[in-house]
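**Q** Residue numbers (the numbering used here): 107 to 442.
Here a beta-carbon is modelled for each residue, glycine too, at the ideal position from N, C-alpha and C.
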Ligand code: CP
């Protein structure tokens, strides 16, 4: 257990040691018990968190805001259009000012090639902890909630657990790479054997894949890749079918300079893979006690069928969503 994590930024789990992450999980479980038993846990009385969302959110926004209230503080729910950011005020000036007025800054900025740089710029100038609510590369709060859910449903030492992270078809929007990338980096650090399946046109970012392999070697887990969804489901203890866009295939300058062409190509590629859905056939290939996880929102009927998502013997997606609250509170109470 680490005693002092105050003011530590939380932009990616990669910046946190395993001992520090273990402290976060221990705190998350304690806070969950306190919440369920309705015991007061006002660890951040009168403190202020500034949240700046550049995109929509249900779980992240509400886990942070409800979490701050339950810890005795308050979260400002800000969007760029409410702030001078919309007139071009810099990340640097915004971070300096907000960190003089409150106790923490959190932001979601998923614009490809921009979001992670934006959050790092804020962290450079903020004297208070800066937390990522998701960017174009990482979604660290989601990674924490996912692993907490795995600990609850399997074992706090999940070594040897087979987790399949599969690309799946969706037509709602081009989802960021950040959820699968955070999962492949984090899970092997805890000894988990990860299989990633995706059509060849929808890879994850090469530098993240390379880092995940190093994490697996150091953590005792493993990571392998396939372009076959059925093969990836065989014998899996957990399946995570989730769409991600084709951003990994494009270098940043190409994407930014030729956005229309890249989006057209992504759509054409997407339409080839409508059969990439988690349905009864796929679930039958997995372990007989397989569990379904998904960061949500799910594209029902495309990424996963209603029959599987609503099956209480299989689906643990709502536990996973609830754990966003407890892990968010852990990070806030430890760092703010
Ligand atoms: N999983 C997740 O980040 O959900 P929201 O986009 O609703 O915050």
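Taking 7 angstroms as the line, does the beta carbon of residue 452 fall inside it for any heavy atom of ligand 1?
**A** Because the chain is modelled from 107 through 442, residue 452 falls outside the range shown and cannot be assessed.
**Q** Ends of the alpha helix (DSSP H) at residue 142?
**A** 124-142
**Q** Alpha carbons only, please: which of 432, 321, 439 and 381 is nearest the one belonging to residue 135?
**A** 432
**Q** Should residue 152 be listed as close to ligand 1, given that the test is whether its C-beta is under 7 angstroms from any heavy atom?
**A** For ligand 1, not one heavy atom lies less than 7 angstroms from the Cβ of residue 152.
**Q** For ligand 1, is there a heavy atom less than 7 angstroms away from the beta-carbon of residue 165?
**A** yes
**Q** According to DSSP, simplified to helix, strand and coil, what is residue 357?
**A** Any reading at residue 357 is ruled out, since the residue's pLDDT is 47, under 50, leaving its predicted position unreliable.
**Q** How far does the alpha helix (DSSP H) with residue 250 in it reach, from first residue to last?
**A** 246-259
**Q** What are the uninterrupted segments assigned as alpha helix (DSSP H) that are 4 or more residues long and contained completely in the stretch 362-430, given in chain order?
**A** 365-376, 386-391 and 412-415
**Q** Between which two residues does the beta strand (DSSP E) containing residue 314 stretch?
**A** Premise fails: residue 314 lies in the alpha helix (DSSP H), 312-325, not in any beta strand (DSSP E).
**Q** Using 7 angstroms as the cut-off, classify the Cβ of residue 245 as near or not near the heavy atoms of ligand 1, replying yes or no.
**A** Result yes, Cβ under 7 angstroms from ligand 1.
**Q** Ordered along the chain, which non-local residues of its own chain (more than five positions away) have a Cβ less than 6 angstroms from that of residue 222?
**A** 241, 242 and 243
**Q** Could you check if residue 240 belongs to the surroundings of ligand 1, using beta carbon to heavy atom distance under 7 angstroms?
**A** yes
**Q** Evaluate residue 309 with the Cβ neighbour count: other Cβ atoms within 10 Å of its Cβ, from every protein chain shown; 16 or more gives buried, anything less gives exposed.
**A** buried
**Q** How close, in whole Å, do the beta carbons of residue 171 and residue 186 come, if the pair is a contact with beta carbons under 8 angstroms?
**A** Contact doesn't hold; Cβ gap of about 17 angstroms is too wide.
**Q** If you drop the 5 nearest sequence neighbours on each side, which residues of the same chain put their C-beta closer than 6 angstroms to that of residue 304?
**A** 273
**Q** Would you decide whether residue 266 is buried or exposed? Buried here means 16 or more other CB atoms lie within 10 Å of its CB.
**A** With fewer than 16 other beta carbons inside 10 angstroms of its own, residue 266 counts as exposed.
**Q** Using a Cβ-Cβ cutoff of less than 7 angstroms, which residues in the same chain neighbour residue 173 once the five nearest sequence positions on both sides are dropped?
**A** Correct list, in chain order: 431, 434, 435 and 438.
**Q** Residue 210 by DSSP, collapsed to three states: which one?
**A** strand
**Q** Taking C-beta to C-beta, are residue 401 and residue 410 nearer than 8 angstroms?
**A** no
**Q** If you drop the 5 nearest sequence neighbours on each side, which residues of the same chain put their C-beta closer than 7 angstroms to that of residue 109?
**A** none
**Q** Within 8 angstroms, do at least three Cβ pairs link the stretch 257-265 to the stretch 274-292?
**A** no
**Q** Please state whether DSSP places residue 97 in a helix, a strand or coil.
**A** No answer is possible for residue 97: it lies beyond the span of the chain, which begins at 107 and ends at 442.
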